[in-house]
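Just so you know, the sequences run in chain order A and B. Letter by letter, the first sequence follows residues 1 to 296 of UniProt numbering. Letter by letter, the second sequence follows residues 1 to 799 of UniProt numbering.
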Amino acid sequence: MDFLRPASWEEALAAKAEHPTAVPIAGGTDVMVEINFDHRRPEYLMDLNRIGDLCEWEVGEESVRLGASVPYTKIMENLRAELPGLALASHTVASPQIRNRGGVGGNLGTASPAGDAHPALLAAGAEVEVESVRGVRRIPIDAFYTGVKRNALAPDELIRAVHVKKADGPQQFSKVGTRNAMVIAVCAFGLALHPRTRTVRTGIGSAAPTPVRAKTAEEFLNAALEEGGFWDNGKIITPSVAKQFADLCSAACNPIDDVRGTASYRRHAVGVMARRTLTWTWESYRGARRTTEGAA
Amino acid sequence: MSSPNGTPTKITQGSQTKGGIGESTLRPDGTLKVTGEFAYSSDMWHEDMLWGQILRSTVAHAEIVSIDTSEALATPGVYAVLTYDDLPTDVKNYGLEIQDTPVLAHGKVRHHGEPVAVVAADHPETARRAAAKIKVDYRELPVITDEASATAPDAILVHENRDDHHAGHVPHPNIVHRQPIVRGDVAQARKRADVIVEGEYTFGMQDQAFLGPESGLAVPEEDGGVHLYIATQWLHSDLRQIAPVLGLPEDKVRMTLSGVGGAFGGREDLSMQIHACLLALRTGKPVKIVYNRFESFFGHVHRHPAKLYYEHGATRDGKLTHMKCRIVLDGGAYASASPAVVGNASSLSVGPYVIDDVDIEAIALYTNNPPCGAMRGFGAVQACFAYEAQMDKLARELGMDPVDFRQLNAMEQGTIMPTGQPVDSPAPVAELLRRVKAMPMPPERQWESSEGADLRELPGGLSNTTHGEGVVRGVGYAVGIKNVGFSEGFDDYSTAKVRMEVVGGEPVVTVHTAMAEVGQGGVTVHAQIARTELGVTQVTIHPANTQVGSAGSTSASRQTYVTGGAVKNACELVREKVLEIGRRKFGTYHPAWDTAELLLEGGKVVTDGGEVLADLVDVLGEDAVEVEEEWRHRPTEPFDLRTGQGNGHVQYSFAAHRAVVEVDTELGLVKVIELACAQDVGKALNPLSVLGQIQGGTTQGLGVAVMEEIIVDPKTAKVKNPSFTDYLIPTILDTPTIPVDVLELADDHAPYGLRGVGEAPTLSSTPAVLAAIRNATGLELNRTPVRPEHLTGTSLSEA
Numbered sequence: 001m002d003f004l005r006p007a008s009w010e011e012a013l014a015a016k017a018e019h020p021t022a023v024p025i026a027g028g029t030d031v032m033v034e035i036n037f038d039h040r041r042p043e044y045l046m047d048l049n050r051i052g053d054l055c056e057w058e059v060g061e062e063s064v065r066l067g068a069s070v071p072y073t074k075i076m077e078n079l080r081a082e083l084p085g086l087a088l089a090s091h092t093v094a095s096p097q098i099r100n101r102g103g104v105g106g107n108l109g110t111a112s113p114a115g116d117a118h119p120a121l122l123a124a125g126a127e128v129e130v131e132s133v134r135g136v137r138r139i140p141i142d143a144f145y146t147g148v149k150r151n152a153l154a155p156d157e158l159i160r161a162v163h164v165k166k167a168d169g170p171q172q173f174s175k176v177g178t179r180n181a182m183v184i185a186v187c188a189f190g191l192a193l194h195p196r197t198r199t200v201r202t203g204i205g206s207a208a209p210t211p212v213r214a215k216t217a218e219e220f221l222n223a224a225l226e227e228g229g230f231w232d233n234g235k236i237i238t239p240s241v242a243k244q245f246a247d248l249c250s251a252a253c254n255p256i257d258d259v260r261g262t263a264s265y266r267r268h269a270v271g272v273m274a275r276r277t278l279t280w281t282w283e284s285y286r287g288a289r290r291t292t293e294g295a296a
Numbered sequence: 001m002s003s004p005n006g007t008p009t010k011i012t013q014g015s016q017t018k019g020g021i022g023e024s025t026l027r028p029d030g031t032l033k034v035t036g037e038f039a040y041s042s043d044m045w046h047e048d049m050l051w052g053q054i055l056r057s058t059v060a061h062a063e064i065v066s067i068d069t070s071e072a073l074a075t076p077g078v079y080a081v082l083t084y085d086d087l088p089t090d091v092k093n094y095g096l097e098i099q100d101t102p103v104l105a106h107g108k109v110r111h112h113g114e115p116v117a118v119v120a121a122d123h124p125e126t127a128r129r130a131a132a133k134i135k136v137d138y139r140e141l142p143v144i145t146d147e148a149s150a151t152a153p154d155a156i157l158v159h160e161n162r163d164d165h166h167a168g169h170v171p172h173p174n175i176v177h178r179q180p181i182v183r184g185d186v187a188q189a190r191k192r193a194d195v196i197v198e199g200e201y202t203f204g205m206q207d208q209a210f211l212g213p214e215s216g217l218a219v220p221e222e223d224g225g226v227h228l229y230i231a232t233q234w235l236h237s238d239l240r241q242i243a244p245v246l247g248l249p250e251d252k253v254r255m256t257l258s259g260v261g262g263a264f265g266g267r268e269d270l271s272m273q274i275h276a277c278l279l280a281l282r283t284g285k286p287v288k289i290v291y292n293r294f295e296s297f298f299g300h301v302h303r304h305p306a307k308l309y310y311e312h313g314a315t316r317d318g319k320l321t322h323m324k325c326r327i328v329l330d331g332g333a334y335a336s337a338s339p340a341v342v343g344n345a346s347s348l349s350v351g352p353y354v355i356d357d358v359d360i361e362a363i364a365l366y367t368n369n370p371p372c373g374a375m376r377g378f379g380a381v382q383a384c385f386a387y388e389a390q391m392d393k394l395a396r397e398l399g400m401d402p403v404d405f406r407q408l409n410a411m412e413q414g415t416i417m418p419t420g421q422p423v424d425s426p427a428p429v430a431e432l433l434r435r436v437k438a439m440p441m442p443p444e445r446q447w448e449s450s451e452g453a454d455l456r457e458l459p460g461g462l463s464n465t466t467h468g469e470g471v472v473r474g475v476g477y478a479v480g481i482k483n484v485g486f487s488e489g490f491d492d493y494s495t496a497k498v499r500m501e502v503v504g505g506e507p508v509v510t511v512h513t514a515m516a517e518v519g520q521g522g523v524t525v526h527a528q529i530a531r532t533e534l535g536v537t538q539v540t541i542h543p544a545n546t547q548v549g550s551a552g553s554t555s556a557s558r559q560t561y562v563t564g565g566a567v568k569n570a571c572e573l574v575r576e577k578v579l580e581i582g583r584r585k586f587g588t589y590h591p592a593w594d595t596a597e598l599l600l601e602g603g604k605v606v607t608d609g610g611e612v613l614a615d616l617v618d619v620l621g622e623d624a625v626e627v628e629e630e631w632r633h634r635p636t637e638p639f640d641l642r643t644g645q646g647n648g649h650v651q652y653s654f655a656a657h658r659a660v661v662e663v664d665t666e667l668g669l670v671k672v673i674e675l676a677c678a679q680d681v682g683k684a685l686n687p688l689s690v691l692g693q694i695q696g697g698t699t700q701g702l703g704v705a706v707m708e709e710i711i712v713d714p715k716t717a718k719v720k721n722p723s724f725t726d727y728l729i730p731t732i733l734d735t736p737t738i739p740v741d742v743l744e745l746a747d748d749h750a751p752y753g754l755r756g757v758g759e760a761p762t763l764s765s766t767p768a769v770l771a772a773i774r775n776a777t778g779l780e781l782n783r784t785p786v787r788p789e790h791l792t793g794t795s796l797s798e799a
């Protein structure tokens with residue numbers, strides 16, 4: 001195995017162009033596990049740790065540009081207001097040691113359906129900034145996951161950053177594991193309210209071959225909220241609406257039985273998480289509305 | 001050859017206080033361990049050493065058609081590749097009780113991960129890659145995975161031509177051992193029962209998950225022998241199995257205990273010991289073998305999974321009438337400790353209750369599942385899970401409080417066991433239940449705080465699955481009985497060598513035993529015993545090795561009792577000799593030398609009235625006093641093979657738990673809030689260590705209640721989760737508050753009245769958690785561990 005250590009982003013792109021099989025490594029929390037288990041013996045390993053700007057983030061008008069290697073700990077500590085869903089998801093990643101090393105770029109690169117960041121990115125809305133010697137492009141998160149542990153990257157491309165929409169409303173993230181910490185998701189669910197566009201977005205983890213949005217559920221809920229004037233009147237969401245939304249989220253799953261859980265449990269749990277996270281975010285939205293009205 | 005780096009050294013412990021028994025003196029290796037400086041067996045290093053690697057079977061049951069090692073041997077850096085054909089003597093199998101385990105597979109593999117070949121190379125990665133180049137051609141056989149497939153009329157025999165001492169009395173060659181126990185008249189007693197409850201229970205396969213995967217270093221010696229530095233639970237048992245395979249007399253196989261992370265039964269059987277020695281002797285170089293965690297799951301036996309069928313009856317006023325049970329333990333491919341586990345499961349299947357009429361049967365199967373053997377609780381754990389579920393069912397049927405019902409039927413000193421053996425020391429079962437019930441309850445809705453829900457206190461923790469929705473509290477109780485020491489007529493002795501001499505103007509005692517320190521605290525307790533008995537401050541613990549007689553196994557909660565007993569006994573003999581010297585030197589100066597009861601205290605010889613007769617420094621002068629002596633507890637008897645009668649056990653140990661859980665009933669997630677424990681320890685030699693044992697055992701019991709299980713594919717008998725990614729053990733966020741109430745009711749037969757501590761808390765913890773979850777959910781829950789799908793009606797596959 002050859003170890004490539006590019007000193008700059010340009011060098012990294014050139015190296016990746018020359019050696020498309022090179023596996024990029026930053027925190028190493030995913031790649032090293034695969035190597036240690038001998039699941040993978042890459043010809044080249046490309047260390048990205050000398051490229052400082054991968055660990056930086058920038059808060060813009062509309063979105064946050066999050067460097068691929070920004071560790072989860074930094075997201076939890078610094079971006080809780082802008083990216084609340086992703087901050088909650090970051091909190092559930094493994095242990096403090098891993099959170100100090102691992103970043104969203106690794107989750108995206110591996111593209112495992114169990115990656116904790118995916119549901120939050122799907123719900124918030126995001127674009128993955130990828131680059132090669134051929135140029136830069138931005139891949140919408142919905143089009144990024146193409147199969148089990150496969151993504152839309154070309155062989156010569158590297159993930160440089162992810163642009164995540166700044167929260168314009170409450171966001172939540174829930175993850176089921178069979179212990180209370182340091183656990184790989186049995187399934188996970190992210191939900192974001194977008195009051196500005198009067199839409200709700202979702203993300204489901206570990207319950208289908210790829211991370212997915214529950215689009216039919218979103219459309220149903222968007223229509224129900226619009227029709228009932230919920231965004232304006234701030235009423236409690238009708239239990240039957242919440243239930244229908246939860247059922248549609250369950251239906252969006254395409255899970256398997258494995259050692260971590262049964263397919264039918266995953267489908268069931270996603271429904272429960274969908275209902276709860278909708279309740280939490282909506283309560284929070286109503287609370288914020290009341291506060292705003294009170295101030296006015 | 002020279003000693004390798006990481007060779008254990010003597011540790012001398014002083015003490016600011018008297019540091020005798022009953023004090024919580026601190027572990028001499030504690031600081032080294034928490035600062036990362038302690039040398040574990042995997043840290044051992046020798047100049048010029050090679051690395052060994054084992055090739056394991058990729059299938060569970062197959063004939064080996066051929067093995068081609070040529071490519072592996074041709075790999076640069078490889079020094080040796082050994083298969084069955086390279087074994088040097090006619091002894092090619094080993095085993096704790098039945099020698100049925102091949103050192104390397106011969107013609108057949110019987111379980112997934114069985115060792116087939118070993119490689120030595122100059123780098124661990126080279127060894128790994130070379131092992132992968134060995135071509136093994138398997139012809140797969142149908143797998144035997146449960147009782148039905150093991151005892152089917154056309155079942156393939158896992159072991160043909162059995163000639164072990166159990167072969168003659170088992171009903172089928174795929175049954176390792178069967179132990180019935182019959183006492184009283186169940187048919188008659190059954191007629192007196194107003195209520196009868198039945199249950200069928202399943203216990204999953206638990207792993208010991210000890211720290212420090214299997215590892216060791218074998219160094220060839222100039223006399224043709226070998227020195228093995230090894231993390232094990234019993235040096236002399238290893239030695240007895242290793243030497244014949246190597247074709248060496250036992251005195252040419254020297255063994256030194258190297259740093260052990262933990263054991264819990266998982267190091268009772270051999271793992272890489274013989275492989276490392278064979279490679280060292282073949283290559284003439286030191287050979288180190290270290291398993292990674294993945295290999296460790298295949299490298300040691302696990303706790304027997306079990307099916308348990310129980311029937312209990314009781315009268316309307318709550319008195320147990322009878323019990324019938326059948327316990328089927330899956331021993332996997334090799335016998336390991338299965339026969340003894342069967343003995344325990346059957347003889348302790350009634351639990352700590354009075355039932356005069358019983359009909360019991362326990363068996364262990366040979367299957368193609370992973371071999372199972374010793375693990376903390378040893379057969380008593382599985383039984384306790386089932387009989388405690390039965391107690392709750394009976395109490396419910398009778399409309400009684402589950403604690404009252406247990407207390408009404410609790411055994412006490414004088415109770416006769418189903419084996420006919422009287423319980424002849426305190427058995428405070430009802431009192432332990434009373435104490436655990438009397439402890440204050442944790443507050444309701446303890447997750448609520450002024451800043452909203454504290455997720456850490458809720459099921460799901462920081463995964464943020466509930467803010468209180470669906471959460472229901474449950475409370476459950478359980479109590480158990482565990483034997484202490486080796487049973488059924490086993491000659492369960494230990495040996496201690498104790499030396500007293502003056503070093504640097506101060507009397508110092510050296511204690512040398514072959515006891516494996518696996519975390520239980522023997523290194524602390526031995527020093528405490530020496531201080532109490534010999535009145536010194538400085539005690540040196542000699543590294544454990546085979547240069548001293550056997551200490552027996554560090555298992556069965558026995559080391560403080562048996563090796564502690566041996567140390568106490570040797571100290572007493574040393575004291576007599578010291579007093580003898582004193583009388584010779586100074587006897588004429590004071591009449592008390594001949595008339596008074598003399599003690600050694602504070603470095604002096606004193607009378608029982610406290611008068612100082614002489615300084616130990618003066619008594620000893622240049623002399624050293626040394627005694628090596630074996631020590632035995634009361635003998636036991638085998639159980640009758642037909643009736644199960646016999647005084648089979650040495651001592652019993654009791655613990656009771658109260659579990660308080662919060663269950664997210666919608667998601668099936670469990671948070672154990674508190675696991676209160678009350679245990680009788682006879683005498684707490686080191687109260688801090690006792691607390692650690694009880695809290696550790698309690699947590700290990702919690703693990704198998706809600707998460708820990710090795711999952712074996714029933715179609716292929718292959719292990720599906722051999723890693724800490726998918727074999728989950730409790731983290732600190734899963735570990736509840738564990739308040740402990742320790743009773744000290746002396747057992748007059750035991751040294752200082754002590755009672756073995758380590759295992760009992762592992763028994764009752766699991767059923768208490770299960771009872772609490774049943775209490776919260778109203779579900780039957782007849783298996784452990786409980787998984788979210790069992791609590792949400794989603795266990796069945798959609799397919």
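Quick reminder that beta carbons are idealized off the backbone N, C-alpha and C, glycines included.
Given this structure, state the Cα-to-Cα distance separating residue i from residue j, to the nearest angstrom.
{"i": "Ala207(A)", "j": "Pro751(B)", "result": "58 Å"}
{"i": "Ala296(A)", "j": "Arg266(A)", "result": "Legend: pLDDT at Ala296(A) = 43, less than 50; position of this residue unreliable, value from coordinates given subsequently. The alpha-carbon atoms of Ala296(A) and Arg266(A) are separated by roughly 44 Å."}
{"i": "Thr415(B)", "j": "Leu329(B)", "result": "27 Å"}
{"i": "Asp85(B)", "j": "Val158(B)", "result": "21 Å"}
{"i": "Ala136(A)", "j": "Ala117(A)", "result": "It should be noted that the sequence gives Val, not Ala, for residue 136(A). Answer to the nearest angstrom: the Cα atoms are 23 Å apart."}
{"i": "Leu55(B)", "j": "Leu455(B)", "result": "45 Å"}
{"i": "residue 883(B)", "j": "Val518(B)", "result": "Coverage of chain B is limited to positions 1 through 799, which leaves residue 883(B) absent and any answer about it impossible."}
{"i": "Gly338(B)", "j": "Ile363(B)", "result": "Residue 338(B) is actually Ser in this sequence, not Gly. Near 9 Å, if we compare the C-alpha coordinates of Ile363(B) and Ser338(B)."}
{"i": "Thr725(B)", "j": "Ile230(B)", "result": "27 Å"}
{"i": "Gly564(B)", "j": "His526(B)", "result": "6 Å"}
{"i": "Gly125(A)", "j": "Val523(B)", "result": "59 Å"}
{"i": "Ala143(A)", "j": "Val212(A)", "result": "10 Å"}
Return the bridge partner residues of residue i from the DSSP annotation.
{"i": "Pro102(B)", "result": "Asn93(B)"}
{"i": "Gln171(A)", "result": "Ala192(A)"}
{"i": "Ile175(B)", "result": "Leu365(B)"}
8 Å is my cut-off, CB to CB: does residue i come that close to chain A?
{"i": "Leu773(B)", "result": "Note on residue identity: the sequence assigns Ile, not Leu, to residue 773(B). With 8 Å as the cut-off, Ile773(B) does not count as an interface residue toward chain A."}
{"i": "Met205(B)", "result": "no"}
Please tell me whether residue i and residue j are closer than 8 Å, where the distance is taken between their beta carbons.
{"i": "Phe245(A)", "j": "Leu278(A)", "result": "yes"}
{"i": "Ser756(B)", "j": "Thr560(B)", "result": "The question names Ser, yet the displayed sequence has Gly at residue 756(B). Contact flag set, yes."}
Is there a Cβ from chain B that is less than 8 Å from the Cβ of residue i?
{"i": "Ala296(A)", "result": "Per-residue confidence for Ala296(A) stands at a pLDDT of 43, beneath the threshold of 50, marking its modelled position as unreliable; no derived number is given."}
- prompt: Got a sec: which bits of the stretch 445–462 of chain B sit with their beta carbon under 7 Å from any beta carbon on chain A, in order along the chain?
  reply: Gly460, Gly461, Leu462
- prompt: Mind listing which residues of the stretch 151–181 of chain A have their C-beta closer than 7 Å to chain B's C-betas, in chain order?
  reply: Of all residues in the stretch 151–181 of chain A, those with a C-beta nearer than 7 Å to a C-beta of chain B are Phe173, Ser174, Lys175, Val176, Gly177, Thr178, Arg179, Asn180, Ala181, reading in chain order.
query: Taking any Cβ of chain B, which residues in the stretch 257–275 of chain A have a Cβ under 7 Å from it, in chain order?
result: Of all residues in the stretch 257–275 of chain A, Asp257, Val259, Arg260, Gly261, Thr262, Ala263, Ser264, Tyr265, His268, Ala269, Val272, Met273 have a Cβ within less than 7 Å of some Cβ in chain B.
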